Each structure stands twice: as structure tokens, then as C-alpha cells.
Amino acid sequence: MTSPWPRGSTPPGAGCGAGLGCKGPCDSPRSRSLFSQQWVPKPQVVGRGSKIPIQWIRGNHPGGFVRLAVAPLSQSDSWTAFNTAAGSQYFCFERNCGPTNPNDMTFGKNNGPGAGTCSATFTVPDHLPDGDYTLQWIWFGGGVYLAQKDAGFGEFYTCTDIIVRGGAPKKTTKPGPKFVGGDYSNPNKGVCKYWSSNKTVRDAEAGCPQGG
């Protein structure tokens, strides 16, 4: 995730990956929250039901899913807090981005290089009380690891801190997860192209439902 500004990246980038030795659930612990840093923008204030534009770079890698989930800032070092968060939203990694040259078949159809910006819009769940929160971005199921067209990536994750204040009236019913399919290889379809698994590692361990 490159926007909003991640708490652990200066400048913002791909974040921290499982294959890089990061344990998550964020690219840096709560101790490096934007609330305590002086050299980066302060957390944005958003209302319940408002839309947060999210951006990330394709980084020459195709496929996979992006999950966006919100947990209280005080619990942002906990995987469980994000994995059980109400109102999580799932998108295809390449929902509106893709290879620079669609005719490049070096790594398979639609799997060629391309470092454009991908984006989605996260809707702030309307059951959240006012307070300080952390928004987690996680990419899983991506492909073409170390130029191996059949090899999948481990997870990458970043987090950004937000303040929820006002907005839509607070609801007592917690929303369920939402999945929006469709990507460069599957336009206008309720699926995403992926490698290895359509679950995060911890979803698989917990027996959670799979993505599309």
C-alpha cells in the first residue's frame, strides 16, 4: 500500500512480507504508529460510512487478493483482531491495473511486467464507535516469484492509522465481509486470478471461508 501513508514505510512502498521475515500483522508494530511519529503525515480523520481511497503498486507481479480490515489501534499488533474484524473488504490485486505489454508471454498470459498503480475504495464500517483505529492492507495469492511463472508469493502487509469520528449514525449490527471480484484477466467477473492459495495463511489455519 502506498496511499494512505503506511506507518512503517518511509517512503511508502510494498510493505513487509512473510518471505522477508516479517511476522505482521503490520509492516511495523504499534510503537511506530503515525500517532507517535513526527516526520510523516498525521492519521486522517474519517467518518463512519465514508470512503477511503487506497492505492498500491503492481510491482511487476500479477494476481492475488487484497484484504482491507480495521482493528482498534490498541489491538493493531494482533493478527486475531484483523482476521476477526467486522466489515472486512476483499478485492482483486489487479482490479484496475495490469501488465504494460499484454502480448508479453514470458511468464504466461497477462503475467508480464508492469508497475502501474492499482486502487480500491474502502468503506469505513458503520458499526465502529468514534476512536483510534488501524487499517490493514494485505496482499496474498500473488504470482511469479523470482521470475518463476508457477511460483506464488508469500503475504505482504502494510497498515495505516486512522481516526473515526462522526459520519453515519452508528449501527448495532456488525457487517459481514465483502468480496468484489474482477481483475485484468477476469474483467467484470466475480473471481480473481491467483497462485497457491485464495486464503491468507491464518485464514487457512483457522478454517475460514476462501475467497473467489
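Start counting at 1 in the sequence shown, then tack on 2, and there's your number in my numbering.
Note that the Cβ used here is the ideal one computed from N, Cα and C, for glycine as well.
All values derive from a computational prediction rather than experimental measurement.
What three-state label does DSSP hand Phe158 in the structure shown? Counting from 1 along the sequence shown, the entry for residue 158 is found at position 156. For Phe158, the secondary structure class from DSSP, reduced to helix, strand or coil, is strand.
### Query
Counting only runs that start and end within the region 23-70, where is the beta strand (DSSP E) found for 3 or more residues in a row?
Every beta strand (DSSP E) stretch that sits fully inside the region 23-70 and reaches 3 residues is listed by chain position as 46-50, 53-59.
### Message
With a threshold of 6 Å on Cβ separation, who are the neighbours of Gln57 within its own chain once the five nearest residues in sequence on each side are excluded?
### Response
As a position in the sequence shown, residue 57 is number 55, starting the count at 1. Cβ neighbours of Gln57 beyond the five flanking positions: Thr4, Ser5, Thr119, Ser121.
ask   = Run through DSSP, which three-state label would Leu137 get?
value = Here residue 137 is taken as the residue at index 135 of the sequence shown, counted from 1. Leu137 falls in the strand class under three-state DSSP.
Is the separation between the beta-carbon of Arg97 and that of Asp132 shorter than 8 Å? As a working note, residue 97 is residue 95 in the sequence shown. As a working note, residue 132 is residue 130 in the sequence shown. Asp132 is positioned such that its CB atom lies no closer than 8 Å to that of Arg97.
Express the C-alpha separation of Gly183 and Ala206 in angstroms, rounding to a whole number. Taking the first residue of the sequence shown as position 1, residue 206 is located at position 204. Taking the first residue of the sequence shown as position 1, residue 183 is located at position 181. Unreliable positioning characterises Ala206 in this predicted model, as indicated by a pLDDT of 44, which lies under 50. A coordinate reading is not provided.
_Whole-angstrom distance between Ala71 and Val126, CA atom to CA atom_ = Position 124 of the sequence shown, counted from the first residue, corresponds to residue 126. Position 69 of the sequence shown, counted from the first residue, corresponds to residue 71. Val126 and Ala71 have their C-alpha atoms spaced approximately 9 Å apart.
message = Against chain B, with Cβ distances strictly below 8 Å, would His63 count as a contact?
response = Looking for chain B here will not work: only one protein chain is present.
Checklist line | Beta-bridge pairing of Cys194 - partner residues as DSSP gives them | finding: Counted from its first residue, the sequence shown places residue 194 at position 192. BP columns for Cys194 are empty, so no partner.
- Consult DSSP for Ser78 and reduce its assignment to one of helix, strand or coil. As a first step, residue 78 must be located in the sequence shown, where it is residue number 76. Coil.
**Asked** How is Ala83 classed by DSSP in three states: helix, strand or coil?
**Response** Position 81 of the sequence shown, counted from the start, is the residue given in the question as residue 83. In the structure shown, Ala83 sits in a helix (DSSP, three-state: H, G or I).
Reduced DSSP category for Ser117 - H, G, I as helix; E, B as strand; rest coil: Here the question's residue 117 lines up with position 115 in the sequence shown. For the sequence presented, residue 117 should be read as Ala rather than Ser. Look at Ala117 here: in three-state DSSP terms it is coil, with no helix or strand label.
Legend entry - Nearest residue (CA-CA) to Gly154, options Ser52, Asn105, Asp163, Gly143: As a position in the sequence shown, residue 154 is number 152, starting the count at 1. Distance check between Gly154 and each of Ser52, Asn105, Asp163, Gly143 places Gly143 closest, using alpha-carbon atoms only.
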